[in-house]
């Protein structure tokens, strides 16, 4: 995937001291592809399984482009980290956002975190 890099590791000496360990390292997933979570890695794997399989991201882009006559829509039940990741992938693959709207199980408390990434978003009332 363009822009992929190994997750940086950050040493946390204070935590190591607190735990009585020689050293403690944490993975920094705070900026994966400009998104504040690692979810894009799992989402890209799932999209490749559904639309591929492809060996490279460029190959997946070509496979999706080869299906130009078929409308492909990526849908998720969340507008959080995974929703942002899926919207990022849809845009990277050249997929258009859904012309309709699908319900998201999310209280209507403000703008959806995935807003601005291209998908159509709406909130759904809780059913329970």
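Residue numbers (full-length UniProt numbering): 1 to 128.
Cβ coordinates follow ideal geometry from the N, Cα and C atoms, glycine included.
All figures in this text were calculated on a predicted structure; none of them were measured in a lab.
**OP:** Just confirm the distance between the C-beta atoms of residue 49 and residue 40, as a whole number of angstroms; I'd bet it's less than 8 Å.
**Re:** No, residue 49 and residue 40 are not in contact; Cβ-Cβ is about 15 Å, not under 8 Å.
**OP:** Quick one: residues in its chain with C-beta nearer than 7 Å to the C-beta of residue 29, no 5 flanking neighbours on either side, listed in chain order?
**Re:** Correct list, in chain order: 7, 37 and 38.
Subject >> Where residue 29 sits in the DSSP three-state scheme >> reply: Note: residue 29 maps to coil in three-state DSSP.
Original post:
For the candidate residues 12, 95, 42 and 18, whose alpha-carbon lies nearest to that of residue 71?
Top reply: Looking at 12, 95, 42 and 18, the one whose alpha-carbon comes closest to that of residue 71 is 95.
**OP:** Could you pull the start and end residues of the beta strand (DSSP E) that residue 9 belongs to?
**Re:** Residues 9-11.
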